[in-house]
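Enquirer:
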Amino acid sequence: MINNFKLALSNYPTGIICIFSKNLKGYYDSIIINSFASVSLKPLLVLWSLDKKSSKFNVFKNSKNHIVVILSGNQKKITKELAFQKDQISKKEFSNILKKSICYFTCSKNKVIKAGDHLTFFLKINKISQIKKNRPLIYYKKKFLIL
Ligand SMILES: Cc1cc2nc3c(=O)[nH]c(=O)nc-3n(C[C@H](O)[C@H](O)[C@H](O)COP(=O)(O)O)c2cc1C
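Heads up, the sequence shown is in our numbering, so the first residue is 6 and it goes up one at a time.
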């Protein structure tokens, strides 16, 4: 049933988001996700879900502010690095990612819900960056594609 569910969802193309959180040492923790969704307009709320088994579980559970970045097609390489290799990144790497992205939201936590084997974060958007016209990065049938 789980494999069939995964197969079904692999036919549903999504955008690719990177969530960042600044840590006390001035570095940024990150996670690549596609569980992002819009929730509300008044107030502006979005959500994403974090796997309880993730190595980043405590980082994102404990941090009050999340930065939600919509990644562009020219960020395929860094996306794979962030998803499968890199741990924390420097402030300089972080600002390069923001520069090449389509846009980003600066958010604060509104609500956290335990949902099965994930935690779902409801985030209030405090600030929306400039929105660029780059082509987005999408995930479809286990592949990163440029739309
Ligand atoms: C396209 C894609 C979407 C993902 N979406 C999520 C997600 O919504 N929530 C989540 O917790 N992990 C998600 N992941 C997994 C994380 O990005 C990360 O790869 C995974 O947690 C492995 O890291 P870890 O070994 O540090 O736990 C996704 C990975 C990929 C490639």
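We put the beta carbon where it would ideally sit given N, CA and C, even for glycine.
In this structure, does DSSP put Phe41 in helix, strand or coil?
Expert: Coil at Phe41, not helix or strand.
Enquirer: Count the other CB atoms, across all protein chains shown, that sit within 10 Å of the CB of Ile151; report buried if there are 16 or more and exposed otherwise.
Expert: Exposed: under 16 other Cβ atoms inside 10 Å.
Enquirer: Could you check whether the Cβ of Leu14 sits closer than 6 Å to any heavy atom belonging to ligand 1?
Expert: It does not: the Cβ of Leu14 is nowhere closer than 6 Å to a heavy atom of ligand 1.
Enquirer: Helix, strand or coil: how does DSSP classify Lys97 here?
Expert: Helix at Lys97.
Enquirer: Beta-carbon within less than 8 Å of Leu135's beta-carbon, same chain only, minus the 5 sequence neighbours each way: which residues are those?
Expert: Here the sequence assigns Gln to residue 135, which means Leu is not the residue at that position. Result list for Gln135: Cys108, in chain order.
Enquirer: Between Tyr145 and Lys81, what straight-line distance do the alpha-carbon atoms span, to the nearest angstrom?
Expert: When rounded, the distance between both Cα atoms is 13 Å.
Enquirer: Should Ala88 be listed as close to ligand 1, given that the test is whether its C-beta is under 6 Å from any heavy atom?
Expert: At least one heavy atom of ligand 1 is nearer than 6 Å to the Cβ of Ala88, so yes.
Enquirer: Counting only the same chain and skipping the five closest in sequence on each side, list residues whose C-beta sits under 7 Å from that of Lys57.
Expert: Within the same chain, Lys57 has close Cβ partners Asp122, His123, Leu124.
Enquirer: So for Lys27, helix, strand or coil by DSSP?
Expert: Strand.
Enquirer: Along the chain, where does the beta strand (DSSP E) containing Lys137 start, and where does it finish?
Expert: Here Lys137 belongs to no beta strand (DSSP E), and DSSP marks it neither H nor E.
Enquirer: Between which two residues does the alpha helix (DSSP H) harbouring Ile83 extend?
Expert: Where Ile83 is concerned, the enclosing alpha helix (DSSP H) stretches over 81-89.
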